[in-house]
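J.:
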C-alpha cells in the first residue's frame with residue numbers, strides 16, 4: 313500500500329452506493345431558515361451578488377483570502393477595499409475601523425481562518441456597531457465544523473469540499489426573510505471527473521500497480537480549475553448523499569486529536585506555529601505554520617520528497633497588488649484531516665523536525 317499524506321480527499325466506491333438524501337442533516341444547515349446548495353463557494357457569492365444584493369458596488373474584504381472570494385466582486389465591478397489581517401491571522405482592528413467608518417450601503421465580508429477563532433474581536437465590534445445600511449456576509453468555510461461564537465450576518469457562504477471527499481459543494485444561507493431560487497443544473501462533467509479520479513487514487517493508494525498518478529492527478533487538477541468558473545450550478549446529488557451520511561462527530565474528534573499532536577510536537581527553529589493551542593470550540597481545517605528565512609519552497613519540496621503534500625493557502629490574487637504581504641509569502645498548511653491518525657502525525661512531526 314502506497315502511503316501518502318495530503319492531496320485531494322477522494323470519495324470511495326462505497327460513497328457511490330449511498331441512496332438517502334436529507335439535506336437537513338448537513339452540519340449546521342438547520343442553523344438557518346433558508347439554504348441554497350451550490351457547486352462552489354464562488355457560485356454562492358455570484359448568486360448573492362446577482363440576485364440578492366441591491367446596495368452600492370463597494371465591498372470591504374480581508375486582504376488575506378482566496379482569489380475565488382475576491383473575483384466575483386471584481387467581476388461585478390465593485391470597488392474593493394481590503395482590510396489588514398495581522399500575522400496571527402486576527403483582524404487589524406485599527407485598520408478595519410478606519411475603513412468601516414467610510415463604508416455606507418456596501419458589503420462587509422468576514423471570515424476566520426483554518427478552523428481557529430481568529431475573528432472574535434471583529435465579531436464583538438460588529439455586534440455593537442452594525443450598520444443597517446450595509447449588507448454583511450460571513451464566509452463560514454474554515455469555521456464550518458467549529459462551534460465558537462459568530463456574528464449575525466445577513467448571508468453566509470460555506471464551501472464543504474475543503475473538508476470532505478466530495479466532488480463539489482457549497483451553500484448560500486440566511487435567516488432573513490428570503491426565499492432562494494433553486495439552481496437546476498449540476499456540473500455533471502466535473503463531478504464525473506472527480507469520481508473517476510477518486511477511484512483511481514484509491515486504487516493507487518491500495519497498491520494497484522496498474523495505476524499511476526498520471527491516471528488521476530490531471531483529472532483532480534482539471535476539476536480544481538473548474539471551481540474558478542463563474543457559471544452557476546447546483547450541488548450534485550452525489551455530494552448531497554455524502555453530506556447526509558457523514559459522521560461529523562468522528563471527523564471533528566480526529567481532526568482535533570491530529571491538530572493537537574502537531575501543535576504540541578512540532579519543534580523546528582525554521583517552522584513557526586501560527587497558533588500555539590486549540591480551544592474546545594475549534595476544529596482545524598489545517599494547522600498553519602510560517603517558514604522563516606524564505607525557506608518555504610525548500611521546505612515544501614522536502615516534505616514532498618517524504619510523501620507529504622502540504623498546500624499553500626493561498627496564492628496571491630491578481631487583485632491584491634501588495635505581493636510582499638508576509639502571510640502570503642511565508643504560510644504553509646500542515647495536513648491534519650480525518651484520513652490520518654496519530655501515527656501519521658508522528659511521522660510528519662519527525663520529518664518536519666528533521667528539516
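Numbering (this note's numbering), first residue to last: 313 to 667.
Built from N, CA and C at the ideal position, the CB exists for glycine as well.
Give every residue of the same chain whose Cβ lies closer than 7 angstroms to the Cβ of residue 661, excluding the five residues on either side of it in the sequence, and list them in chain order.
T.: In the chain shown, counting from the first residue as 1, residue 661 sits at position 349. If we look at residue 661 and ignore the five residues flanking it on each side, its Cβ neighbours are 574, 577, 578.
J.: Would you mind sorting residue 371 into buried or exposed? The rule is 16 or more other CB atoms within 10 Å of its CB.
T.: In the chain shown, residue 371 corresponds to position 59, counting from 1. When all chains shown are included, residue 371 counts as buried.
J.: Using the Cβ count rule (16 or more neighbours within 10 Å means buried), how would you classify residue 331?
T.: As a position in the chain shown, residue 331 is number 19, starting the count at 1. Exposed, since its Cβ has fewer than 16 Cβ neighbours within 10 Å.
J.: Looking only at C-alpha atoms, which of 592, 617, 625 sits nearest to residue 598?
T.: The residue you call residue 598 lines up with position 286 of the chain shown. Among 592, 617, 625, the Cα nearest to that of residue 598 is on 625.
J.: If we require 3 or more residues per run, which beta strand (DSSP E) segments fall completely within the stretch 339-384?
T.: Whole beta strand (DSSP E) segments, 3+ residues: 346-350, 370-374.
J.: What is the DSSP secondary structure of residue 530, counted as helix, strand or coil?
T.: As a first step, residue 530 must be located in the chain shown, where it is residue number 218. Of the three classes helix, strand and coil, the one that applies to residue 530 here is helix, per DSSP.
J.: Residue 367: buried (16+ other C-beta within 10 angstroms of its C-beta) or exposed?
T.: Here residue 367 is taken as the residue at index 55 of the chain shown, counted from 1. The residue in question, residue 367, is exposed, as its Cβ has fewer than 16 Cβ neighbours within 10 Å.
J.: Can you tell me whether DSSP reads residue 391 as helix, strand or coil?
T.: The sequence position of residue 391 within the chain shown is 79, counting from 1. Of the three classes helix, strand and coil, the one that applies to residue 391 here is strand, per DSSP.
J.: Per DSSP, residue 422 is paired with what?
T.: Mapped onto the chain shown, residue 422 falls at position 110. Answer is 450, bridged to residue 422.
J.: Three or more beta-carbon pairs under 8 angstroms between the stretch 488-504 and the stretch 343-352, yes or no?
T.: Yes, they touch.
J.: Quick one: residues in its chain with C-beta nearer than 6 angstroms to the C-beta of residue 420, no 5 flanking neighbours on either side, listed in chain order?
T.: For the purposes of this step, residue 420 is identified with residue 108 of the chain shown, where counting begins at 1. Excluding sequence neighbours, residue 420 sits near 372, 446, 448.
J.: For the stretch 455-468 against the stretch 602-610, are there 3 or more C-beta pairs whose distance is under 8 angstroms?
T.: No, the stretch 455-468 is not in contact with the stretch 602-610.
J.: Counting Cβ pairs closer than 8 angstroms, one from the stretch 317-337 and one from the stretch 496-515, do we hit at least three?
T.: Touching, per the Cβ criterion.
J.: In its own chain, which residues sit with a C-beta less than 6 angstroms from the C-beta of residue 434, not counting the 5 before and 5 after it?
T.: For the purposes of this step, residue 434 is taken as residue 122 along the chain shown, with counting starting at 1. Only 403 meet the Cβ criterion.
J.: What is the DSSP secondary structure of residue 595, counted as helix, strand or coil?
T.: In the chain shown, the residue the question calls residue 595 occupies position 283. Residue 595: coil per DSSP, three-state reduction.
J.: Which residues in the same chain as residue 587 place their Cβ atom closer than 6 angstroms to its Cβ, once the five residues preceding and following it in sequence are excluded?
T.: Here residue 587 corresponds to residue number 275 of the chain shown, with the count starting at 1. Result list for residue 587: 428, in chain order.
J.: Taking the beta carbon of residue 553 as the centre, do at least 16 other beta carbons fall within 10 Å, making it buried, or is it exposed?
T.: On the chain shown, residue 553 is found 241 positions in, with the first residue counted as 1. Buried.
J.: When the Cα of residue 406 is compared with those of 395, 498, 415, which residue comes out closest?
T.: Translated into the one-based positions of the chain shown, residue 406 becomes position 94. Cα-wise, what sits closest to residue 406 is 395.
J.: Checking the sheet assignment: what are the DSSP bridge partners for residue 637?
T.: Within the chain shown, the letter at position 325 stands for residue 637. Paired residues: none, contrary to the question.
J.: Do residue 375 and residue 632 have their CB atoms nearer than 8 angstroms?
T.: Here residue 375 is taken as the residue at index 63 of the chain shown, counted from 1. Here residue 632 is taken as the residue at index 320 of the chain shown, counted from 1. Cβ atoms of residue 375 and residue 632: closer than 8 angstroms.
J.: Tell me whether the beta-carbon of residue 382 lies closer than 8 angstroms to the beta-carbon of residue 555.
T.: Indexing the chain shown from 1 puts residue 382 at position 70. Indexing the chain shown from 1 puts residue 555 at position 243. No; because the gap between Cβ atoms is not below 8 angstroms, this pair is not in contact.
J.: Whose CA, out of 565, 323, 315, 630, lies closest to the CA of residue 474?
T.: Counted from its first residue, the chain shown places residue 474 at position 162. It is 323 whose Cα lies nearest to the Cα of residue 474.
J.: What are the partner residues of residue 600, as DSSP defines its beta bridges?
T.: Taking the chain shown and counting its residues from 1, one reaches residue 600 at position 288. Residue 600 pairs with 645.
J.: By Cβ distance below 6 angstroms, which residues in the same chain neighbour residue 351 in space, the five residues on each side in sequence not counted?
T.: The residue given as residue 351 occupies position 39 in the chain shown. Counting only Cβ-Cβ distances below 6 angstroms, and skipping sequence neighbours, we find 480, 499, 545.
J.: Would you kindly work out how many angstroms separate the C-alpha atoms of residue 431 and residue 523, rounded to a whole number?
T.: As a working note, residue 431 is residue 119 in the chain shown. As a working note, residue 523 is residue 211 in the chain shown. Those two C-alpha atoms are separated by around 44 angstroms.
J.: Give me, in chain order, the residues of the same chain whose beta-carbon lies closer than 6 angstroms to that of residue 535; leave out the 5 immediate sequence neighbours on both sides.
T.: Translated into positions along the chain shown, residue 535 becomes position 223. Same-chain partners within the cutoff: 502, 505, 506.
J.: For residue 585, report the span of its beta strand (DSSP E) as first-last.
T.: In the chain shown, residue 585 corresponds to position 273, counting from 1. First-last of the beta strand (DSSP E) with residue 585: 583-585.
J.: As an exercise, report each continuous alpha helix (DSSP H) stretch of at least 4 residues that is fully enclosed by the stretch 488-565, in chain order.
T.: The stretch 488-565 contains these whole alpha helix (DSSP H) runs: 500-517, 529-538, 549-557.
J.: What is the C-beta distance between residue 567 and residue 648, in whole angstroms, given that I count them as a contact (C-beta under 8 angstroms)?
T.: The residue you call residue 567 lines up with position 255 of the chain shown. The residue you call residue 648 lines up with position 336 of the chain shown. Contact flag correct, Cβ pair sits at about 6 angstroms.
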